[in-house]
Structure formats: C-alpha cells, structure tokens
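Just add 88 to wherever you are in the sequence shown, counting from 1, and you've got our numbering.
Cβ atoms here follow ideal geometry from the backbone N, Cα and C, with glycine treated the same way.
One structure is given here, and the rest of the page talks about it.
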Amino acid sequence: MDPPELFERSEQLEILRALLKEATTGSHGHVVAIGGEAGAGKTTLVRHFCAEAQPNALVLAGACSPLHAARPLGPFLELADESPVVAAAVAAGGRADEVASALLGEVRPGRSLVVVLEDMHWADEATLDVVRLLARRVESRPAVVIATYRDDELNRAHPFRILLGDLPASLARIRVPLFSAAGVAELAAPAGIDGGELYRRTGGNPFFVTEVLSAPGEAIPETVRDAVLARASRLDPEEHAILEVVAATPPHTELALLEALAPSALARVDACVGAGILVSERDTVSFRHELARIAIDDSLSPGRRVELHRAALKALAASGDLARLSYHAEAASDADAVLEYAPRAAREAAALGAHREAEVHYARALRHASRMEPDVRAEILEAHSHECYITDRGAEAIESGRDAAAIFRELRDPLREAASLLKLSRIQRMTGKIAEASESVGRALALLGGLPEGPELAKAYAATAQITMGSADTEQMHAAATRALELAGELGESEVLADVLITLGTIEIEVPATREAGREKLARAIRLAKDERLDPLVGRAYNTLSYEGFATLDLELVEACVADYIAYCTDYALELWLHCALGFRAELELVRGDWDAAVETATRVLRSTDTTIPRMGPLAVLALIRARRGDPDAHGPLDEALALARPAAEPQVILPVIQARAEVAWLEGRLPAMAEELDANIELARRLNDHWAFRELVYWRWKAGDAGPSPDADLALRRLQLEGASEQAAEGWAALGYPYEAAVARSESDDDSSISRAHDELRALGAQAAAAIVARRLRERGVRGVRRGPRASTAENPGQLTRREVDVVKLVVQGLRDAEIAARLHLSEKTVGHHVSSILRKLDVRSRGQAAAEAIRLGLADGAAS
89 MDPPELFERS EQLEILRALL KEATTGSHGH VVAIGGEAGA GKTTLVRHFC
139 AEAQPNALVL AGACSPLHAA RPLGPFLELA DESPVVAAAV AAGGRADEVA
189 SALLGEVRPG RSLVVVLEDM HWADEATLDV VRLLARRVES RPAVVIATYR
239 DDELNRAHPF RILLGDLPAS LARIRVPLFS AAGVAELAAP AGIDGGELYR
289 RTGGNPFFVT EVLSAPGEAI PETVRDAVLA RASRLDPEEH AILEVVAATP
339 PHTELALLEA LAPSALARVD ACVGAGILVS ERDTVSFRHE LARIAIDDSL
389 SPGRRVELHR AALKALAASG DLARLSYHAE AASDADAVLE YAPRAAREAA
439 ALGAHREAEV HYARALRHAS RMEPDVRAEI LEAHSHECYI TDRGAEAIES
489 GRDAAAIFRE LRDPLREAAS LLKLSRIQRM TGKIAEASES VGRALALLGG
539 LPEGPELAKA YAATAQITMG SADTEQMHAA ATRALELAGE LGESEVLADV
589 LITLGTIEIE VPATREAGRE KLARAIRLAK DERLDPLVGR AYNTLSYEGF
639 ATLDLELVEA CVADYIAYCT DYALELWLHC ALGFRAELEL VRGDWDAAVE
689 TATRVLRSTD TTIPRMGPLA VLALIRARRG DPDAHGPLDE ALALARPAAE
739 PQVILPVIQA RAEVAWLEGR LPAMAEELDA NIELARRLND HWAFRELVYW
789 RWKAGDAGPS PDADLALRRL QLEGASEQAA EGWAALGYPY EAAVARSESD
839 DDSSISRAHD ELRALGAQAA AAIVARRLRE RGVRGVRRGP RASTAENPGQ
889 LTRREVDVVK LVVQGLRDAE IAARLHLSEK TVGHHVSSIL RKLDVRSRGQ
939 AAAEAIRLGL ADGAAS
C-alpha cells in the first residue's frame, strides 16, 4: 500500500505554494533547492505541487541522468519536448545563457512558469551553468525554478554543493524529512505490521516503508533490495525482462529502445506500471524510485548485464548520444566501442564546459590504454591531465601529464615531449611542487635546444621567466621574458604574450614607480587570455592583481577583481581557479570584519580542494579568526599551511603563513620567540621586493621588540604605528576598511580613552584575544571597570546575539527578506546576509524559519508583524 498523498509533507507544500504566489503576484521569482535522502519523497512532493500549479502555470520538467558521465544538458533535453524555444536553444549549441534565456522566455502575461530539474546530484556541469544563470535572472520574473537533489550524496567537493554556496542568499531551501516514528506506526497499523520494528529497519525512509508495506503478509525484508525483488518476483518472466531492460538503460527508457531490446515489451509494460514499479511519462518509462532500479540492476547476472548493454549499444548507435554510448560501451565490455565513443564524448563534454564529465570519459578510455597506439594514448593522457587540472584534481593531473611526457620520450619525439613537460610544469607549480616544475621546464629547454625555434621554445622561455621570478634573479627573469616576447611577436603566440605580460606585470607592480604600468600589463593579459580562453592564465593574472590589491591596501581593487574572478570561473566551470578566487574573498571578508562570512567561505574552499595554492589563504584566514576570537585549534590550520608552504619553497606562499604565525604568537604572548624567524623572512621579502610581506613582518618584528626598519622603508600606515602616531594610523586603517587593524593600532596609544575605545572596538568584532591583551594594558595603567568576556549587550540576551543581530532577527521573524531588512536598517544586503549566517550559527539552526521560531522561544522577538 502507498501512504496518503503527501503524508507528513504539508509544511513543505505550503512553502512551495507561498513561493509561487509571491512569484505570480509580485513578479519575484525563486530558485528552490529541495533536498532529502534517496527515497525521501522529493519527486512526490514536487509532482503534487506541479499538479496544483498547472492550471495557471506552465510546468517544464526534466531530470538528470544517473550515468557516471551524464549527457550534457540532460534535463533541458528532456523538457525541450514541451518547449520549442528551449529545443531550439539546445540544438543551436546549448550555450548556458541561451538555454536560460529560452526558459525564462516561456513566461507569458497571466501565466507563470515552474521549471523542475530533478536529481541535480547527477547534474553535468553544463546543466549547473544554466542553473547559475537562472538564479541570477529569475528574481525579476514570475517563475519558480525547483532543483531536487539527494543531500546524502553530496560530498565536500560535489559540484552541486558548490553551486548551492554560489547562489544568491534568496535561495529557498526545503528539506524533505523522513517519516516520523509515529507516522510509520500509523501507516503500518492497517497492514498488521509492527510499526516500531518497521521504523527501526527502515529509519523512516518513505521508499523503504512503502516498499515493505506493498508486500502485505510477507516478513519485513532485511533490505530495500529484498523488498524490491520480492515485489518484482510477482511479475511474469516477460514483465521481469522489461524491468531488467529499464534498469540497464537509465535514466529513462524510450519506448522504441525498450521494444528493440524486448520485442514484446510494449504489450506488457502497463503491467509493470500498474504494479507500481515503473512509471510512464510521454514516450518513456522509468523506475518509480531510483533505488528500485539499482536493486534490479544489481540482481542481474554478469552475462545478462553484458547482453543488455550490448543490445542497448547497438540500438543507440545512430542516436548520436555520445555520453550514453560511452556508458553502455563500458558496461558491455566492448573495448573497441569505448575507444570509439569515450574520447568523443569527452571532447563534447569539455566543449560544453562539463569538465568533470569529460574527465570521466577520458578515464574510461584510458582503462583500455593498452589497445591504443602510443601517440594516441599520449594525447588522451594529456587531455585527461588538462581536465583533471581544471577540476582541481592535481595528483591525477600530474600523473597523466608525466605518463604522456614519458610516452613522447619513448617515441623519441623531443618537440612533443617538451610541449608535454611545459604543460606539466604549470600543474606542478599550482600544486606547490615548485622544484619539480623547475625541473620540467629545464628538461623542456634542453630538448628544444637543438630544434628550430617555434611556439614550444617561446613557451619554455615564458615558463622560465615565471619560475625565476620567485628567486630574486631579476636578470635571468628579464632575459627569459625578453626572449619569450621576441619569439611571441615573430610567431603570433598569444598564449606566450599573455604569460609574459603577467610575469612582467607581477614584477612591476611591486615597485611604486612602475606600479601603474604593471597593472596595465595585467589588465591587458586578462583581456587577451579571456579572448583566447587561456583559462590558467586568466586565473594567474587575477591571483596577482588580488594579491597586489591587498599589498597596496586597495580593498576596492580586491573586491572588483575577486568579483570578476569568481564570475568568470563560475561561468566556465573552472573549479581550481574558483577555489583560488574564493580564498581571496575569504581574506577580503577577514579584513573587513565579516568573520562569520570569512569562516564560511574559507571552510567551503578547504572542504572542496586538496591543492596547495588554493588552500593556503583559507588556512591562514581560519587560523587568524580562531586565534582572534580565542577559539580552540588556531594552530591546526597554521601547521598544515606551513607543512604545505615549505616544500613549495615559493616566497608568495611562505611569507603570508609567517605573517599569520606572528599574529597568533602575539595573541598568545610568545611573539619575542619568533624574532629570528621574522628576521630571516624580512630579509627574504626585502630581496624579492614583496612590500606587503615586508611591511607586515617588520611591524610584527617591532611588536616583538625591534627598534624598527630604516627610515626609507615603504611601510604605509604601519610606519605611523612604529612612530607612535597610533590614533592617526587607526583613522587611516578605518578609512580603508580595516576595522581590526584600526582597533589594534588605536590600542597602541598612550591615551587611556583611546585604548578604552580600542578595547570596545575589539570586543564588538568578537576579537576576544586581542581585547584581553588591551584589557590587561588598561588595568596595568590603573583604569578600572574594564569589562571582561562578551559585550554586555551580547550577554544580556540568551542567544548571545549582538544588538545588531537582534535587530536583524526581529525582522526575520516578521518574514522580511534580506533586501527589505537592509533597507529598513540602512545596511548593505551582503552585510545582512552575514548577520543572518551568524544568527543561524549562534542559534544552532539551519533555516530562517527555524531561526524565527527559536528567537520567539528565547524571547528575542514576539513574532508580531509591525
């Protein structure tokens, strides 16, 4: 038996109804993420909602494929059957912006739009790109975009988890919970089944529960697979054969394909639908639950599985669906077919920006590498290495890159070996393997030495310039850069030109006299790299500009640069560089005092990448915030950062870690012990003209007891602090948007009122460790009544919220959105979002609704609308 329609789901349905009403009456659309574990009933909820909405709304629905490498734009290909304009956009090449525009173009006067994208945990990257664009545009349309996903299948690096973090704060999240114990008992009672035992066995999973209840009179199965197989066993052999075909051809089986694989199927498919195992939709059939499909597929004998996939491969040969053909070829153990379809599917996926799917297809082909000609194997290895590089899988990228170079070496093809080594060196450098990158570039130069000058030699000189840039050997760097530019001009090599412009720009922006020229070179390199889709160089240039913005205390430059950087990486699914961009955003949030947001951003990056360079900034951010707040384990992130930085042996990687270590040491009262370490790194920063690191390290050395640097050193506001002009320095820091630095500078004053003000500012930021240092200084100076612990305004309320957070949560209780709260409190919408994140963390809740309920319970708000 099935439970009553939408059993224990009324709350979720009401939320969807309210969102559609707001979209329809106020032209304020929404993206809704509906999560729950497999079998929780997400599809049932959405279908019920869509059935209600359809009289007044156009409903377009599609689902992602459970293939290991899904067909790009899979759900949009499905819903294109109901939308000619979407079909035309997909047929024209499937650009994300065109597909999104086509979908939203379905809105008509008097008719809203509901777009349902099911099983987004299987989404390909091209599909994710469309959803990103829909999220940006839907807020001004009478439309609701619903994305369902299995939240128990999203690991820390899952692309859809990353997408959810990128979507606007207005994203609505609905979680479909499991059935309660009382609910399961209610459902089990009519069947005479022990509800408590059923709940214990199933955990309340609706699919498990309903499958067991659909076999009345039988013992409770040990697993849902047993329940599915018991139900399927009641079908006759021809009907069971239909289940096997549908199980082997996910996500949906076209009736024509079903007939080709099981000739008598069409006459018997209704029995499978009537048994509640399959569902029929237009010209396709599929399992009512994916878990049921998996259960049937797992039950196939090896021979039967291969037989089905071979038949599917033959039947789909003319379809042009390369992703499915690649999948069936591997499942059919047909190596020749894998080698025919997998590389083509990979190239198709890569062209659409579905880089993870491209990597899967290339890996599938490489499992049959022994059947390839050596040069073909090397080319596929290089392509696989590139896709792994883009998707931030550095170890795999390096392994495939090395194997490709080794094959070219065996083939005695020095030109292609050198080209392969140069590609490898870029990956090695990004993963912190600087010495190995230098060795790869050196080997490439040696191989090219006896060959005619060409693009590879130009790239080798450009790589040499980049490698030597970090060694303070400016003469060698300029010689290599000059030679690279000469060759680039002769050969028309845009990639080399952009690469060298970045290297020269990086050097020039370190010197005040050439700073503007350096910025112009970097801006030119970004334009050129974007035009030519030289994505690694786009990332490298943005990294340099962001670093420079911090070095010159120009947070407006950092903010603009990081916003462009994130948008570019998001649009083109460049995971590696997106993690770098988010790392800079975390640092920006740190210096602006948005620490909750900084922790959230840094944690997101650290959960998503194991690559050295993208991890460094977030590790430092996490360590500093923990140390400043007095939270435990500030040393864990710092120790990891230092362990990653030392093998990299690159100053721009090491020096920020030393800065963070110095501040943590000061907060813990042990900064003098770092004097020798600081002296060594000050000298290193001086040699490299790294004025940001030099300035900060000199400051911490002064705090450790040093007399100070030479008078001509460029120290910006730090010089005012060293010279005792602490109040002037504090105002300067505050004007630039550095509240923590301003408070610390003010605390160095000799005026008790200034020190007391600094103490209050630090406590307002939540910087308990620094506030404690300043409090001790005040008490030593004889000042009485110095507060301890959290601010009084925070301690007064049971949720430990600040006064501003209380203001925000009261408006959340009234149902106001971030933009409305921002207007009411004269704040930026982004700041309100950070306050809401902090409120959720402090109240230990997951949603705004839960926060409102908890605030009312704690007496922070009365729930009455104003």
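- [ ] Report yes if the CB atom of A817 is closer than 8 Å to the CB atom of L803, and no otherwise.
- [x] As a first step, residue 817 is located in the sequence shown; it is residue number 729 there, counting from the start. As a first step, residue 803 is located in the sequence shown; it is residue number 715 there, counting from the start. No. Outside cutoff.
Task: Candidates T372, A176, G124, of which the one nearest G292 by Cα - done: As a first step, residue 292 is located in the sequence shown; it is residue number 204 there, counting from the start. G292 has its Cα closest to that of G124, out of T372, A176, G124.
TODO: Identify whether F296 lies in helix, strand or coil by the three-state DSSP scheme.
DONE: Reading the sequence shown from its first residue, position 208 is the one you call residue 296. Of the three classes helix, strand and coil, the one that applies to F296 here is helix, per DSSP.
Task: Residues that DSSP places opposite G150 in a beta bridge - done: For the purposes of this step, residue 150 is taken as the residue at position 62 of the sequence shown. L205, per the DSSP bridge assignment.
Open item on the list: Which residues does DSSP list as the beta-bridge partners of A121?
Closed with: On the sequence shown, position 33 is the one that residue 121 refers to. The partner list for A121 (beta bridge, DSSP) reads A235, R261.
Open item on the list: With the cut-off set at 8 Å, would you say P702 and G671 are in Cβ contact?
Closed with: What you label residue 702 is simply residue 614 of the sequence shown in a count that begins at 1. What you label residue 671 is simply residue 583 of the sequence shown in a count that begins at 1. Their beta carbons are under 8 Å apart, which means P702 touches G671 by this criterion.
- [ ] Measure the alpha-carbon distance for T632 versus R607 and round it to whole angstroms.
- [x] Taking the first residue of the sequence shown as position 1, residue 632 is located at position 544. Taking the first residue of the sequence shown as position 1, residue 607 is located at position 519. Approximately 10 Å between the Cα atoms of the pair.
Open item on the list: Does F267 come out as helix, strand or coil in the three-state DSSP assignment?
Closed with: Taking the first residue of the sequence shown as position 1, residue 267 is located at position 179. Of the three classes helix, strand and coil, the one that applies to F267 here is coil, per DSSP.
Task: For S528, the nearest candidate out of L743, S414, A506 (CA to CA) - done: Here residue 528 is taken as the residue at index 440 of the sequence shown, counted from 1. Measuring from the Cα of S528, the nearest candidate turns out to be A506.
- [ ] Inspect the CB distances between the stretch 236–249 and the stretch 455–471 and report whether three or more fall short of 8 Å.
- [x] no
Task: Alpha-carbon spacing of G482 relative to I590, whole angstroms - done: As a position in the sequence shown, residue 482 is number 394, starting the count at 1. As a position in the sequence shown, residue 590 is number 502, starting the count at 1. Between G482 and I590, the C-alpha separation is close to 23 Å.
Open item on the list: Run through the DSSP bridge pairs and tell me what V373 is partnered with.
Closed with: In the sequence shown, the residue the question calls residue 373 occupies position 285. According to DSSP, which records beta bridges pairwise, V373 is partnered with T341, S368.
Open item on the list: Could you give the first and the last residue of the continuous alpha helix (DSSP H) run that contains A355?
Closed with: As a first step, residue 355 must be located in the sequence shown, where it is residue number 267. Per DSSP, A355 belongs to the alpha helix (DSSP H) from 353–362.
- [ ] Compute the Euclidean distance between the alpha carbons of L255 and A572, then round it to the nearest angstrom.
- [x] Within the sequence shown, the letter at position 167 stands for residue 255. Within the sequence shown, the letter at position 484 stands for residue 572. Answer to the nearest angstrom: the Cα atoms are 41 Å apart.
Task: Status (buried if at least 16 other CB within 10 Å, exposed otherwise) for S171 - done: Taking the first residue of the sequence shown as 1, we reach residue 171 at position 83. When all chains shown are included, S171 counts as buried.
Open item on the list: Once DSSP output is grouped into helix, strand and coil, what is the label at R892?
Closed with: Taking the first residue of the sequence shown as position 1, residue 892 is located at position 804. Helix, per DSSP.
TODO: Count the other CB atoms, across all protein chains shown, that sit within 10 Å of the CB of S837; report buried if there are 16 or more and exposed otherwise.
DONE: Within the sequence shown, the letter at position 749 stands for residue 837. By the neighbour-count rule (16 or more Cβ atoms within 10 Å), S837 is buried.
- [ ] Please work out which residues of its chain come closer than 8 Å, Cβ to Cβ, to L401, disregarding the five sequence neighbours upstream and downstream, and give them in chain order.
- [x] Taking the first residue of the sequence shown as position 1, residue 401 is located at position 313. Excluding residues within five positions, the ones whose Cβ falls inside 8 Å are L413, H416, A417, A420, D422, A425.
Task: Nearest residue (CA-CA) to T372, options G362, V752, T337 - done: To locate residue 372, count along the sequence shown from 1; it is residue 284. Minimum Cα distance to T372 is reached at T337.
Open item on the list: My output table needs one value for R196: the three-state DSSP class, helix, strand or coil.
Closed with: By one-based count along the sequence shown, residue 196 stands at place 108. In the structure shown, R196 sits in a strand (DSSP, three-state: E or B).
Task: Distance, D719 Cα to L146 Cα - done: For the purposes of this step, residue 146 is taken as residue 58 along the sequence shown, with counting starting at 1. For the purposes of this step, residue 719 is taken as residue 631 along the sequence shown, with counting starting at 1. Whole-angstrom Cα-Cα distance: 51 Å.
Open item on the list: Can you give me the C-alpha to C-alpha distance between V52 and A686, rounded to a whole angstrom?
Closed with: For residue 52 there is no data in the structure shown, the boundaries of the chain being 89 and 954.
Task: Simplified DSSP state of A145, which is helix, strand or coil - done: Residue 145 sits at position 57 when you count from the first residue of the sequence shown. Correct three-state label for A145: strand.
- [ ] Determine the direct distance from the alpha carbon of V300 to that of I308, and round the result to whole angstroms.
- [x] What you label residue 308 is simply residue 220 of the sequence shown in a count that begins at 1. What you label residue 300 is simply residue 212 of the sequence shown in a count that begins at 1. Confidence in I308 is poor, its pLDDT being 44 and thus under 50, which makes the residue's placement too unreliable to answer from.
- [ ] Give a yes or no on whether the C-beta atoms belonging to T131 and T236 are separated by under 8 Å.
- [x] Position 43 of the sequence shown holds residue 131. Position 148 of the sequence shown holds residue 236. For T131 and T236, yes; Cβs fall inside 8 Å.
Task: Option nearest F248 by Cα separation, candidates V272, A177, V219 - done: Taking the first residue of the sequence shown as position 1, residue 248 is located at position 160. Nearest C-alpha to F248: V219.
Open item on the list: Quick check: P160 and A442, are their CB atoms within less than 8 Å of each other?
Closed with: One-based indexing of the sequence shown puts residue 160 at position 72. One-based indexing of the sequence shown puts residue 442 at position 354. Contact flag set, yes.
Task: T697: first and last residue of the uninterrupted alpha helix (DSSP H) it sits in - done: Within the sequence shown, the letter at position 609 stands for residue 697. Here T697 belongs to no alpha helix (DSSP H), and DSSP marks it neither H nor E.
Task: Secondary structure of V862, DSSP reduced to three states - done: Residue mapping note: residue 862 aligns to position 774 of the sequence shown, counting from 1. Note: V862 maps to helix in three-state DSSP.
TODO: Measure the alpha-carbon distance for A434 versus E213 and round it to whole angstroms.
DONE: Within the sequence shown, numbered from 1, the residue matching residue 434 stands at position 346. Within the sequence shown, numbered from 1, the residue matching residue 213 stands at position 125. Near 13 Å, if we compare the C-alpha coordinates of E213 and A434.
Task: Cα-Cα separation, V316 to V272 - done: Taking the sequence shown and counting its residues from 1, one reaches residue 316 at position 228. Taking the sequence shown and counting its residues from 1, one reaches residue 272 at position 184. Rounded to the nearest angstrom, the two C-alpha atoms are 19 Å apart.
TODO: Out of G757, K791, V752, G542, point me to the one whose CA is closest to D767's CA.
DONE: Walking along the sequence shown from the start, residue 767 turns up at place 679. When only C-alpha atoms are compared, the closest one is K791.
- [ ] Go ahead and pull the three-state DSSP assignment for I597.
- [x] In the sequence shown, counting from the first residue as 1, residue 597 sits at position 509. In the structure shown, I597 sits in coil (DSSP, three-state: anything other than H, G, I, E or B).
Task: Euclidean distance between Cα positions of S321 and H328 - done: Your numbering for residue 321 matches position 233 in the sequence shown. Your numbering for residue 328 matches position 240 in the sequence shown. Going by the C-alpha atoms only, they are around 7 Å apart.
Task: Three CB pairs or more closer than 8 Å across the stretch 110–124 and the stretch 260–268 - done: yes
Task: Sufficient close CB pairs (3 or more, under 8 Å) joining the stretch 177–186 to the stretch 135–154 - done: no
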